[in-house]
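Here is the structure we will look at, set down as structure tokens.
Residue numbers (full-length UniProt numbering): 1 to 619.
Here it is in structure tokens:
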């Protein structure tokens with residue numbers, strides 16, 4: 001794979017860097033023709049450019065010798081011919097640059113979309129272990145770095161390689177002995193380039209990783225600016241970020257010093273080549289082994305070779321930086337998710353009813369395998385019923401929702417939907433059948449209409465009428481219309497409490513995690529939200545992480561979670577009647593029971609209405 005090839009080249013085991021970059025286009029056959037055409041134009045341009053010194057040398061010999069009577073006409077014709085040839089070379093070079101850069105940009109586009117697609121397909125545990133800032137840095141900085149290697153750098157590197165090769169060949173053609181003498185300086189330069197390349201790769205990796213850390217810090221602080229401001233930590237966060245970018249600056253200074261030394265050495269080598277040509281060529285001319293035209297041609301070839309070597313040095317430098325970024329990018333692209341993305345069976349409408357069951361489930365988060373969340377966890381939720389889930393904080397109530405969405409797989413045990421193991425189902429299909437409201441409903445940076453349509457299987461096909469209907473069901477249409485632009489109002493990351501995204505298309509299963517936030521609403525808005533929820537729950541399998549007495553009372557059953565399993569399960573009245581039960585203790589702690597007299601309540605006598613009145617007054 002590409003990642004292994006990158007590592008091989010970075011370790012000095014791969015001799016051909018050019019093939020590495022071209023392999024990015026191996027799956028894009030439509031780029032083959034433009035690339036071949038670019039190589040053809042490159043060949044034409046390089047041949048014309050590198051033949052110029054040879055013909056100019058012949059012109060110099062003609063000028064240097066005694067001219068004949070038709071000298072002026074011959075010289076004019078020759079110069080006119082060469083001008084036409086040079087014009088063709090310039091056109092070929094311009095076409096080569098255009099074709100290579102456009103092909104390279106297409107490769108970069110494919111690289112970015114493939115990388116983003118691969119990231120989205122990874123399992124949730126991958127995001128638990130990988131920092132968001134690092135992934136953003138890979139998508140932005142690393143792809144841009146590799147993009148430069150695939151466009152400007154690759155095009156210029158090909159030209160420099162072609163001109164250096166042709167130039168060296170022509171130098172041997174003009175004077176083999178002088179060429180051998182001059183090129184003796186190349187091996188030491190090659191050794192220097194290898195040493196420099198390895199050092200630069202190391203620096204580039206450190207720089208990109210440091211940039212990722214700085215990006216992560218900035219993203220977290222900006223995303224939680226209210227918390228930063230509430231604690232007055234602006235100056236401290238500024239200093240943290242400054243320290244991060246200062247380290248990046250120190251690495252950049254080291255890179256600048258290395259580049260200065262390397263390019264200074266290559267520049268000196270080019271000048272020494274010219275000086276060597278003048279010295280050795282002068283001796284050969286003195287002994288009549290060369291003409292002045294041949295020496296002039298050789299000197300121009302040496303000049304072109306020197307420029308080309310400088311271009312290759314720059315190409316090699318940028319290539320090593322691109323390899324440092326490319327290796328990490330392709331590790332992400334080639335990474336296989338541990339959970340399937342779009343594989344498995346789907347259930348027909350008649351088969352899919354929404355019955356859920358946990359059987360002896362054991363689970364721990366991959367980032368904390370030693371901290372078990374569930375041990376022998378079992379729970380059954382009949383199709384079309386409402387289950388209220390209660391329990392102390394940290395007992396794994398939200399984890400149940402994550403397991404149902406198959407964001408994680410249990411270590412052991414099974415989770416079934418209508419008798420089918422959830423691991424047999426297509427996760428992408430199954431999630432489209434689940435409506436969920438998370439603990440922190442998120443609104444993307446787009447219009448309210450686009451946020452509402454996000455829950456549809458194909459948001460692009462949703463009409464404005466459907467969006468408005470959904471908003472009316474959620475009792476949100478009136479205040480949305482109060483915005484200056486109505487449904488076209490662009491919102492930020494935070495916003496409406498009750499998301500309408502799960503309202504599109506019939507959802508057999510509803511998972512509600514934000515029910516506690518209703519407690520913070522005023523009476524009027526609480527009524528509107530509760531009314532919308534009641535309509536949504538009709539005829540659906542509903543699991544609510546419950547905090548409100550009315551929700552618990554209206555549920556078909558209540559499950560009490562603790563110690564990694566279900567401790568109590570039954571009707572609200574049944575659980576409340578157990579004086580030693582955890583459910584009763586939770587209700588007491590959360591002030592759902594007003595005083596100790598309520599504990600003596602006779603559930604079967606119908607006095608539960610008195611409890612409701614006391615609770616309403618207390619809330």
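Backbone N, C-alpha and C define an ideal beta-carbon position, used for all residues, glycine too. The structure presented is a predicted model; accordingly, all values stated were derived computationally and were not measured.
Who pairs with residue i in a beta bridge, going by DSSP?
i, result
"residue 299", "Residue 299 pairs with nothing; no bridge assigned."
"residue 421", "416"
"residue 387", "543, 557"
"residue 377", "361"
"residue 569", "559"
"residue 345", "425"
"residue 372", "364"
"residue 490", "447"
I'd like the span of the beta strand (DSSP E) that includes residue i, first residue to last.
i, result
"residue 357", "356–364"
"residue 202", "Per DSSP, residue 202 belongs to no beta strand (DSSP E); it is in the alpha helix (DSSP H), 186–223."
"residue 437", "434–437"
"residue 511", "509–512"
Assuming residue i and residue j make a contact with CB atoms under 8 Å, what is their CB distance in whole Å?
i, j, result
"residue 541", "residue 419", "That pair is no contact at about 14 Å."
"residue 42", "residue 125", "At roughly 47 Å, the Cβ-Cβ gap does not stay under 8 Å, so residue 42 and residue 125 are not in contact."
"residue 103", "residue 34", "5 Å"
"residue 414", "residue 359", "5 Å"
"residue 555", "residue 383", "That pair is no contact at about 15 Å."
"residue 96", "residue 45", "6 Å"
"residue 122", "residue 335", "7 Å"
"residue 237", "residue 228", "6 Å"
"residue 306", "residue 160", "Actually they are not in contact, since the Cβ atoms of residue 306 and residue 160 sit about 11 Å apart, beyond 8 Å."
"residue 399", "residue 373", "5 Å"
"residue 155", "residue 105", "Not quite, the Cβ-Cβ distance comes to about 11 Å (not below 8 Å), so this is no contact."
"residue 83", "residue 332", "That belief does not hold up - the Cβ atoms of residue 83 and residue 332 are roughly 52 Å apart, past 8 Å."
"residue 416", "residue 511", "Incorrect: roughly 16 Å between the Cβ atoms, too far for contact."
Output the boundary residues of the alpha helix (DSSP H) element that contains residue i.
i, result
"residue 128", "124–129"
"residue 290", "From DSSP, residue 290 is part of no alpha helix (DSSP H); its letter is neither H nor E."
"residue 560", "Careful: residue 560 lies outside any alpha helix (DSSP H), inside the beta strand (DSSP E) at 557–562."
"residue 183", "No alpha helix (DSSP H) contains residue 183, which DSSP labels as neither H nor E."
"residue 158", "154–174"
"residue 400", "397–404"
"residue 139", "Run containing residue 139: none; DSSP gives neither H nor E here."
"residue 588", "582–589"
"residue 577", "From DSSP, residue 577 is part of no alpha helix (DSSP H); its letter is neither H nor E."
"residue 143", "143–148"
Look at the Cβ atom of residue i, then the Cβ atom of residue j, and state whether they are nearer than 8 Å.
i, j, result
"residue 139", "residue 116", "yes"
"residue 390", "residue 577", "no"
"residue 572", "residue 558", "yes"
"residue 320", "residue 146", "no"
"residue 404", "residue 410", "no"
"residue 170", "residue 285", "no"
"residue 244", "residue 214", "yes"
"residue 433", "residue 349", "no"
"residue 386", "residue 566", "no"
"residue 132", "residue 216", "yes"
"residue 189", "residue 266", "yes"
"residue 460", "residue 513", "no"
"residue 174", "residue 297", "yes"
"residue 61", "residue 326", "no"
"residue 488", "residue 449", "yes"
"residue 164", "residue 314", "no"
"residue 477", "residue 471", "yes"
"residue 251", "residue 323", "no"
"residue 407", "residue 342", "no"
_Whole runs of the alpha helix (DSSP H) within the region 100–125, excluding any shorter than 4 residues_ = none
_Segments of 4+ residues assigned as alpha helix (DSSP H) that fall wholly inside the region 448–480_ = 448–453, 464–473
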